[in-house]
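There are 2 protein chains.
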Amino acid sequence: MTHLYFEDMEVGDRCTAGPYLITKSEIIQFAKQYDPVPRHIDEEAAARTIFGGLTACSAHTFSVFILLTTKLQPRFHVLAGMGWDELRLPNPVRPGDELDLELTVLEKRESKSKSDRGIVRTRVLLRNQRRDTALECSSNIFVARRPDVNAPPLS
Amino acid sequence: MTHLYFEDMEVGDRCTAGPYLITKSEIIQFAKQYDPVPRHIDEEAAARTIFGGLTACSAHTFSVFILLTTKLQPRFHVLAGMGWDELRLPNPVRPGDELDLELTVLEKRESKSKSDRGIVRTRVLLRNQRRDTALECSSNIFVARRPDVNAPPLS
Chain Y
43 MTHLYFEDME VGDRCTAGPY LITKSEIIQF AKQYDPVPRH IDEEAAARTI
93 FGGLTACSAH TFSVFILLTT KLQPRFHVLA GMGWDELRLP NPVRPGDELD
143 LELTVLEKRE SKSKSDRGIV RTRVLLRNQR RDTALECSSN IFVARRPDVN
193 APPLS
Chain U
43 MTHLYFEDME VGDRCTAGPY LITKSEIIQF AKQYDPVPRH IDEEAAARTI
93 FGGLTACSAH TFSVFILLTT KLQPRFHVLA GMGWDELRLP NPVRPGDELD
143 LELTVLEKRE SKSKSDRGIV RTRVLLRNQR RDTALECSSN IFVARRPDVN
193 APPLS
């Protein structure tokens with residue numbers, strides 16, 4: 043599979059992954075380990091909340107976002123993530139939802155200190171089958187520069 | 043257990059939770075499901091990375107942060123999270139690390155539209171046993187106002 047280097051990416055480029063089907067048993071199993079509160083693990087308690095039913099915990103939704111970043115097409119040659127800004131979960135994730143991920147390149151710039159990489163700022167959208175946004179944020183990532191870009195031309 | 047209401051909290055107040063021990067098997071198990079790349083699931087491959095060994099994936103570190111928020115002492119009467127800003131993972135989490143969470147109140151203000159709640163901005167620090175920061179961010183949360191705060195005085 044081909045990986046895109048920093049030089050291959052343009053502002054406005056998009057890559058996508060998914061869908062990922064969330065099941066009730068996965069929601070409950072995840073929350074029992076990392077967010078064991080009634081609205082994420084107990085269907086009857088969840089029915090009495092403002093959401094009116096079981097919803098995935100925030101860590102679970104974030105984890106599905108990360109999983110889908112490993113499946114993006116086309117693939118970037120990512121060296122590392124630098125972090126996430128303005129991370130929001132505007133709509134709950136429910137059993138049976140099918141989530142897909144879309145990354146859009148917002149900005150790119152060369153690293154001043156490291157010649158092997160560039161910094162790419164992306165807009166992240168994780169949406170369900172009704173196109174409601176389940177997670178959004180912006181993310182800065184280090185993307186590898188094409189290894190031969192600074193090499194002298196072959197004579 | 044007593045929960046703190048919006049009125050009980052002051053700027054500068056802190057609450058803490060932990061420690062939480064991360065094991066190698068938990069790191070591998072989590073990453074196999076949500077970030078199945080060699081540096082998180084294969085010890086030999088991880089040894090050849092810049093980290094020189096197995097590290098927890100970002101979604102796992104975030105999930106431990108969320109788990110510890112459910113164990114904070116003293117407890118806030120949280121209605122909902124509004125999101126996370128400037129989320130960074132400056133140091134890797136390794137097998138055997140013991141993580142603890144510290145939340146500090148940065149700002150508080152009453153909600154203009156909902157009289158039952160206030161908005162509290164907190165600083166989040168997840169640190170290991172060497173006091174290295176594994177995760178940091180700021181978080182805005184809705185905290186319940188004391189139910190009787192707007193009631194007329196008893197005559």
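Just so you know, the sequences run in chain order Y and U.
Counting in the numbering used here, the first sequence runs from 43 upward without gaps.
Counting in the numbering used here, the second sequence runs from 43 upward without gaps.
The beta-carbon is built from N, C-alpha and C at its ideal position, and this holds for glycine as well.
*Cutoff 8 Å: C99/Y Cβ touching any chain U Cβ*: Yes, C99/Y lies at the interface with chain U (some Cβ there is under 8 Å from its Cβ).
*Y47/U versus I161/U, D174/U, R173/U, residue with shortest Cα-Cα distance*: The residue with the shortest Cα to Cα distance from Y47/U is I161/U.
*So which residues on chain Y does D84/U lean against when the C-beta distance must stay under 8 Å?*
In chain order: nothing, as chain Y lies at least about 14 Å away.
*My guess is that V166/U and E152/U are in contact by the Cβ rule of under 8 Å, so how many angstroms apart are they, rounded?*
V166/U to E152/U, Cβ: 22 Å. No contact.
*Please compile the residues from chain Y whose C-beta is within a distance smaller than 8 Å of the C-beta of I183/U.*
What I183/U touches in chain Y: nothing, since even the nearest Cβ is about 12 Å away.
*asked:* Any beta carbon from chain U within less than 8 Å of I108/Y's own beta carbon?
replied: At least one chain U Cβ lies under 8 Å of I108/Y.
*Report the rounded CA-to-CA distance for S197/Y versus R172/Y, giving the unit in angstroms.*
Note that S197/Y scores a pLDDT of 42, beneath 50, so its modelled location is shaky and nothing firm can be said.
_Within the continuous beta strand (DSSP E) that includes S181/U, where are the two ends?_
First-last of the beta strand (DSSP E) with S181/U: 175 to 186.
*Could you name the residues of the same chain whose beta carbon sits closer than 6 Å to that of D174/Y, not counting the 5 residues immediately before and after it, in chain order?*
Here the set comprises N133.
_Can you look up L96/Y in the DSSP assignment and give me helix, strand or coil?_
Here L96/Y sits in coil by DSSP.
_Test item: CB-CB of L131/Y and A89/Y under 8 Å_ = No.
*With distances taken between CB atoms, is the gap from V147/U to I64/U smaller than 8 Å?*
No, these two residues do not count as a Cβ contact at 8 Å.
*Going along the segment 139 to 152 of chain U in order, which residues come within less than 8 Å of chain Y, judged by CB to CB distance?*
Residues are counted here when their Cβ sits less than 8 Å from a Cβ of chain Y; for the segment 139 to 152 of chain U the count is zero.
*Secondary structure, alpha helix (DSSP H): runs of 4+ residues fully inside the segment 77 to 135 of chain U*: The alpha helix (DSSP H) runs of length 4 or more contained entirely in the segment 77 to 135 of chain U are, from start to end of the chain, 80 to 83, 85 to 89, 100 to 111.
*Per the contact definition of three or more C-beta pairs closer than 8 Å, is the segment 67 to 79 of chain Y in contact with the segment 88 to 102 of chain Y?*
Cβ pair count under 8 Å is three or more, so yes.
*chain Y partners of D127/U, CB-CB under 8 Å?*
Per Cβ cutoff of 8 Å: D127, E128, L129.
*Inspect the beta-carbon positions of R145/Y and R81/Y and report whether they are closer than 8 Å.*
A small correction: the amino acid at residue 145/Y is Leu; Arg does not occupy that position in the sequence shown. Their beta carbons are not under 8 Å apart, which means L145/Y does not touch R81/Y by this criterion.
*Near H119/U, what residues of its chain come up, given a Cβ to Cβ distance below 7 Å and the 5 sequence neighbours on each side ignored?*
Excluding sequence neighbours, H119/U sits near H45, L46, Y47, V185, A186.
*Using DSSP with H/G/I as helix, E/B as strand and the rest coil, what is E152/Y?*
Here E152/Y sits in strand by DSSP.
*asked:* I'd like to know whether the C-beta of D77/U is nearer than 8 Å to at least one C-beta of chain Y.
replied: Yes - at least one Cβ of chain Y is within 8 Å of the one on D77/U.
*asked:* So with CB distances below 7 Å, who are the chain Y contacts of T112/U?
replied: D77, P78, V79, listed in chain order.
*Between which two residues does the beta strand (DSSP E) carrying P189/U extend?*
Where P189/U is concerned, there is no enclosing beta strand (DSSP E), given that its DSSP letter is neither H nor E.
*What residue range is occupied by the uninterrupted beta strand (DSSP E) comprising R172/Y?*
Segment: none, R172/Y is in no beta strand (DSSP E) and carries neither H nor E.
_In DSSP terms, what Y62/Y is bridged to_ = Bridge partners of Y62/Y: L141/Y.
_Tell me whether D158/U, by its Cβ, gets closer than 7 Å to a heavy atom of the ligand PLP._
Summarising the ligand content, the structure contains no ligands, and the ligand PLP is consequently not present.
*Counting contacts by CB-CB distance shorter than 8 Å, is S105/U in contact with chain Y?*
Chain Y, which has a Cβ nearer than 8 Å to the Cβ of S105/U, makes this yes.
*Spell out whether any CB of chain U is found under 8 Å from the CB atom of G123/Y.*
True, the Cβ-Cβ gap to chain U drops below 8 Å.
*Is there at least one Cβ from chain Y nearer than 8 Å to L168/U's Cβ?*
Chain Y, which has no Cβ nearer than 8 Å to the Cβ of L168/U, makes this no.
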